[in-house]
Amino acid sequence: MDVADGVAVRCDDVVKTYGQGSSQVVALRGVDLDVKTGELMMLVGPSGCGKTTLISVIAGILDQDSGDCRVFGHDFKHMGQRDKTRYRGETIGFVFQAFNLLPTLTAAENAAVPLLINGVNRREAVERARAMLDRVGLGDRGNALPSQLSGGQQQRVAIARALVHNPRLIVCDEPTSALDAHTGHKVMELMRELALADGRCLIVVTHDARIFEFADRIARMNDGRVEKVVTSASEL
Amino acid sequence: MNFIALKMLIGDRLKYIALVAGIAFAALLITQQASIFTGYTLRTGTWIRETTAGGADLWVMDPQVQMSEGPRALSDTALQRVRSVQGVAWAVPMYKGWLECRLPDGTLLTVRLIGIDDATLAGGPPEMVEGQLSDLRRDRAVIVSSAALATDFALDRGKGRPLRVGDRVDINDHQSIVVGTYKAGPEFFWEPVVYTTYTRALTYAPRHRRLLSYVLVKLAPGADSAEVAKRIERTTGLKAHTGAEFERVTADYILKKTGILINFGMTIGLGFLIGLLVAGQTFYTFVLDNLRHFAALKAMGAANATVLRMLCLQVITVGLIGYGIGLGGASLTGIAFERGGLAFQMHWLIPTFGAVAVLGCCLIAGFLGMIRVLRLEPSVVFKG
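Chains R and L, in that order, give the protein sequences.
Take the position in the first sequence, starting the count at 1, then add 1088; the result is the number in the working numbering.
Take the position in the second sequence, starting the count at 1, then add 1169; the result is the number in the working numbering.
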């Protein structure tokens, strides 16, 4: 149904609270959001508005309290922990704000991690990771450690890692916040080119107005709700 | 994922070295101290073992005897009563007493005088270095330990020349001649042993109504040692032990009376505790430092079981490497100890139990970190 409609992610009235009693904080107050296949959706808004909580729920690493959240027709709420973890490993790619590359692994080994998690043998995983590094322009840096790479290069390794296992959904948390404007621009160009190929969809959480131009749609969040979904930054 | 776990571990050099060093130190303490303890314990039975090697199957003694160095004198008739028990092929008397010995230059020392059966010389030392055991049948003959010649028996209160075959010594003011030396294993007890015949030992010993210390028994062919021992106990009222039992009784008594079991036990326990604390603290810090990465792995689809397996691999790896280094160190110090005459005996059970203790220590140490990682919400990776 959702997939046939071209909807990759559908959130209906998603509520999430943290804590209990007087210390309870409502992070999502009934979020409705659709993200289509082949689309780059940006989630923007002030700190604490629920962006990170929402992508955590969408990525299946946080359970919502109520409401439905389907990813390619699968509702994490109705999956066991094991199935959820496996589905996440196969279907979703992650790009983190702080890159989160393992400092003792080479760039190729870092990029190979999702394949290793999915049970691909080491040699094949590293070979495929090298091919992906080649696509992000780091073909010659496969043996470099993260500490030997610039911030932009590290983020490109993180992008290679997010794409190497051919996921259908890519979730990015502030992918350009640690990069200068020029590098951030190049990284977004790359993500758009690679991530949106083959009918994938991309959800990017960001504060960085400089990259809004790369979005197909922008969802503005405030106080746990999606206030507005627009197609251009000028409409925000 | 195994290679990721190993690279994470080894890549953090300082923590890796601290972990391995802590565990190696614990393994060294545990195995080395256990080996020294075993060495000392085994030495309490050296004399019994060497005497039993001469062919005796049972030691018969007063029921109040608690160790080899504390014989209680038996009446002379005990020997005949033991000989009359079914299943006994032969039985010979043995005297053991502590007497004063004067060396040729007047140096005085206390010796353990062992009197062995005149006819058979059963119960004598198993290996002679100089002379023959039968030389004990010569007039006033005694034989002494070769190892003690240059130490306990050295003239000038241990600073002069070693005692030699042919030298005259006075035992309890009875003139004796050293006619030979025997090879003795290192013992827990320190007074040197001097052998002579049973009859001569009785003439050297202070006057007492009873002077028989032990009766050594050889079983008849096909007889069962446990059955014959029971029969001896039932018919004579004496206590009968095999050599191994007598060794164990002696060792138990020494351990109980001297407190060395507690002392060594404390050191071994401390080794375990130090290993646990160092490894635990370091591994926990390692886990905390890598929490972000573990969260990222979990977010990317690594199951809890996978992460747990990675952590187990890490603790087992440092455990095995640390244990190997510690065991190697203990073995090297053991070689040095043995060359210096100190007690060291690494029985195969020590490395086995040591490995179990050290790996247990590592797993306990890793437990807190594992709990932390298992409870870790992968969503923390999105929290900056």
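For each residue, glycine too, the CB sits at the ideal point set by N, CA and C.
| query | result |
| --- | --- |
| Using DSSP's beta-bridge definition, name the partner residues of L/Pro1262. | L/Val1384 |
| Just how far apart, CA to CA, sit R/Arg1158 and R/Asp1120? | 11 Å |
| Have a look at L/Gln1344, L/Gly1406, L/Ala1370, L/Gly1293 and flag the residue whose alpha-carbon is nearest the alpha-carbon of L/Tyr1351. | L/Gly1293 |
| Drop a sphere of 10 angstroms on the beta-carbon of R/Gly1287, count the other beta-carbons inside from all chains shown, and report buried for 16 or more, exposed for fewer. | exposed |
| Report the rounded CA-to-CA distance for L/Asp1393 versus L/Ala1258, giving the unit in angstroms. | 12 Å |
| Would a C-beta distance cut-off of 8 Å place L/Ile1312 and L/Leu1305 closer than the cut-off? | yes |
| Does any residue of chain R have a CB that is nearer than 8 Å to the CB of L/Arg1212? | no |
| Can a CB atom of chain L be found closer than 8 Å to the CB of R/Ile1291? | no |
| If we call anything under 8 Å between Cβ atoms a contact, is L/Arg1252 one with L/Lys1265? | no |
| Measure the Cβ-Cβ separation of R/Val1147 and R/Val1259 and say whether it is below 8 Å. | The sequence shown places Ala at residue 1147 of chain R, rather than the Val named in the question. Yes, they are a contact pair. |
| Given this structure, state the Cα-to-Cα distance separating L/Asp1286 from L/Pro1262, to the nearest angstrom. | 6 Å |
| For L/Ala1374, does the count of other Cβ atoms within 10 angstroms reach 16, so buried, or fall short, so exposed? | buried |
| Identify the contact partners of L/Phe1172 in chain R, using a Cβ-Cβ distance below 7 Å as the criterion. | Arg1210 |
| Does any residue of chain R have a CB that is nearer than 8 Å to the CB of L/Lys1176? | yes |
| Which chain L residues sit within Cβ distance under 7 Å of R/Leu1193? | Ile1173, Lys1176 |
| Specify the secondary structure class of L/Asn1459 as computed by DSSP and reduced to three states. | coil |
| Ignoring anything shorter than 3 residues or poking outside the stretch 1169 to 1214 of chain R, list the beta strand (DSSP E) runs there in chain order. | 1180 to 1183 |
| Is there a Cβ of chain L sitting closer than 8 Å to that of R/Met1089, yes or no? | In this prediction, R/Met1089 has a pLDDT of 47, which is less than 50 and means its spatial position is unreliable; nothing more can be read from the coordinates. |
| Applying a beta-carbon distance threshold of less than 8 Å, which residues of chain L neighbour R/Ile1143? | Phe1551 |
| Label L/Phe1513 either buried or exposed according to how many other C-beta atoms from any shown protein chain fall within 10 Å of its C-beta, with 16 as the threshold for buried. | buried |
| Which bits of chain L does R/Pro1170 rub up against, with CB to CB less than 8 Å? | Checking the displayed sequence, the identity of residue 1170 of chain R turns out to be Arg instead of Pro. Ala1472, listed in chain order. |
| Is R/His1162 a contact residue of the ligand HEM, with contact defined as CB to any heavy atom under 7 Å? | Looking for the ligand HEM in the displayed structure turns up nothing, as the structure carries no ligands at all. |
| Can you tell which of R/Asp1122, R/Gln1108, R/Ala1115, R/Val1201 has its C-alpha closest to the C-alpha of R/Val1095? | R/Asp1122 |
| At the 8 Å Cβ level, is L/Asp1181 part of the contact set with chain R, yes or no? | yes |
| Please report how far the alpha carbon of L/Ile1494 lies from the alpha carbon of L/Ala1190, in whole angstroms. | 9 Å |
| Looking only at DSSP bridge pairs, what is L/Met1230 linked to? | L/Lys1408 |
| My understanding is that L/Val1347 touches L/Leu1248, with C-beta atoms under 8 Å, so please give their C-beta distance in whole angstroms. | Contact doesn't hold; Cβ gap of about 28 Å is too wide. |
| Would DSSP call L/Ser1237 helix, strand or coil? | coil |
| For the candidate residues L/Gln1344, L/Ile1401, L/Ala1464, L/His1516, whose alpha-carbon lies nearest to that of L/Arg1541? | L/Ala1464 |
| With 8 Å as the threshold, decide whether the Cβ of R/Thr1264 is near any Cβ in chain L. | no |
| So, is the C-beta of R/Leu1150 closer than 8 Å to a C-beta in chain L? | yes |
| Identify the continuous beta strand (DSSP E) that holds L/Ser1345 and give its terminal residues. | 1343 to 1351 |
| Of all the CB atoms in chain R, is at least one closer than 8 Å to the CB of L/Arg1461? | yes |
| Rounded C-beta distance between L/Asn1473 and L/Leu1532? I'm assuming under 8 Å. | Not a contact, Cβ separation roughly 17 Å. |
| Spell out the partners DSSP gives R/Met1309 in its beta bridges. | R/Val1314 |
| Give the single residue among L/Val1484, L/Leu1268, L/Leu1466 whose Cα lies nearest to the Cα of L/Val1549. | L/Leu1466 |
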